[in-house]
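The structure appears below as structure tokens.
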Amino acid sequence: MVRITRVHTGNGDGGETSLLTGERVPKSNARVELYGTIDELNSLIGWVRMELSRLPKQHSDGGVRVPALRIEEELDPMLSIIQQELFDIGGESAGTPSALPEQMALVEMKHADRLVQEMNHWTDQQSPLNSFILPSGSPVVVALHVVRTVVRRSERCAVNLIELEGEDAVRPVVLAYLNRLSDWMFVAARHVTQALAEDEVLWVPLGARDSEA
Numbered sequence: 179m180v181r182i183t184r185v186h187t188g189n190g191d192g193g194e195t196s197l198l199t200g201e202r203v204p205k206s207n208a209r210v211e212l213y214g215t216i217d218e219l220n221s222l223i224g225w226v227r228m229e230l231s232r233l234p235k236q237h238s239d240g241g242v243r244v245p246a247l248r249i250e251e252e253l254d255p256m257l258s259i260i261q262q263e264l265f266d267i268g269g270e271s272a273g274t275p276s277a278l279p280e281q282m283a284l285v286e287m288k289h290a291d292r293l294v295q296e297m298n299h300w301t302d303q304q305s306p307l308n309s310f311i312l313p314s315g316s317p318v319v320v321a322l323h324v325v326r327t328v329v330r331r332s333e334r335c336a337v338n339l340i341e342l343e344g345e346d347a348v349r350p351v352v353l354a355y356l357n358r359l360s361d362w363m364f365v366a367a368r369h370v371t372q373a374l375a376e377d378e379v380l381w382v383p384l385g386a387r388d389s390e391a
């Protein structure tokens, strides 16, 4: 287990930080940008979990609001697992795959496959989309869409790192996991909207909006 006795060391005051190998690099380094974005992503998932906990669990007459209870009980454990896995990915992203300690446990394709299985379960219960969705509605739904966009940004950071350092800079499973996680957040947002019996707001192209005016 990691043991942290002091948070501030002063070593980063000059705008540099240490990678897993001990190498000192500027904090603008592409690898630092990748694991920093994954850290940001993890924090935002914590925000989603907070919004889940804040869903009204009772009706005005005191009766239990069952859908809100069920959606929190379903999603919160899933999000907790994803946070753990993102911390694993962030940790390994602080070093090149070839330099990782042999004893370091890494996220595997089975973890990315689990995301697809969960998505497929929800998608089977959802109606097909005829347009793109505008993020709106419940704070939980909006938060999931914000997370979705930051997952995509972390994926772009990973691709940028590969372009700079070569295809061995990031393990393929990390790219697969991030790609699937963004889709997972989108499908989860639709799942919450459906569970709470809310309406989806769809994008209406400009030409169609003009014709309706």
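Residue numbering for the sequence shown follows the numbering used here, beginning at 179 and increasing consecutively. Quick reminder that beta carbons are idealized off the backbone N, C-alpha and C, glycines included. Computed from a prediction, not measured in an experiment: that's the story for all the values here.
Compute the Euclidean distance between the alpha carbons of residue i and residue j, then round it to the nearest angstrom.
{"i": "Val379", "j": "Leu322", "result": "15 Å"}
{"i": "Leu233", "j": "Arg248", "result": "11 Å"}
{"i": "Ala354", "j": "Phe364", "result": "16 Å"}
{"i": "Asn338", "j": "Ser276", "result": "18 Å"}
{"i": "Met246", "j": "Asn207", "result": "First, the residue type needs correcting, since residue 246 is Ala and not Met in the sequence shown. If you take the alpha carbons of Ala246 and Asn207, they lie about 42 Å apart."}
{"i": "Met287", "j": "Pro306", "result": "28 Å"}
{"i": "Leu312", "j": "Trp381", "result": "6 Å"}
{"i": "Val352", "j": "Val325", "result": "17 Å"}
{"i": "Ser389", "j": "Thr371", "result": "29 Å"}
{"i": "Ser309", "j": "Pro383", "result": "9 Å"}
{"i": "Asn357", "j": "Asp239", "result": "43 Å"}
{"i": "Glu333", "j": "Gly241", "result": "43 Å"}
{"i": "Ala283", "j": "Asp254", "result": "24 Å"}
{"i": "Glu280", "j": "Val244", "result": "47 Å"}
{"i": "Asp291", "j": "Glu194", "result": "36 Å"}
Based on DSSP bridge pairs, tell me the residues matched to residue i.
{"i": "Ile196", "result": "Before going further, note that residue 196 is Ser rather than Ile in the sequence given. DSSP output for Ser196 lists Arg202 as bridge partner(s)."}
{"i": "Ile311", "result": "Leu380"}
Within its chain, find whatever has a CB closer than 8 Å to the CB of residue i; leave out the 5 residues flanking it on each side and keep chain order.
{"i": "Gly268", "result": "Tyr213, Ile216, Asp217, Asn220"}
{"i": "Ile223", "result": "Leu257, Ile260, Gln261, Leu264, Val325"}
For residue i, which residues of its own chain have a beta-carbon under 6 Å away from its beta-carbon, when the five flanking residues on both sides are left out?
{"i": "Thr199", "result": "Gly273, Ala277"}
{"i": "Ser360", "result": "Arg326, Val329, Arg330"}
{"i": "Ala367", "result": "Val319, Leu322, His323"}
{"i": "Gly344", "result": "none"}
Excluding five sequence neighbours on each side, which residues of the same chain lie with their C-beta closer than 7 Å to the C-beta of residue i?
{"i": "Glu229", "result": "Pro317, Val318, Ala321"}
{"i": "Met256", "result": "Glu296"}
Can you round the beta-carbon distance between residue i and residue j to whole angstroms, since I take them to be within the 8 Å contact cut?
{"i": "Glu201", "j": "Ser231", "result": "Contact flag wrong, Cβ pair sits at about 40 Å."}
Considering only residues of the stretch 231-302, which uninterrupted alpha helix (DSSP H) runs meet the minimum length of 4 residues and lie entirely inside it, listed in chain order? Complete alpha helix (DSSP H) runs here, min 4: 244-270, 287-301.
For a minimum of 3 consecutive residues, which ranges assigned as the beta strand (DSSP E) are wholly contained in the stretch 313-370? Segments of the beta strand (DSSP E) lying fully in the stretch 313-370: there are none.
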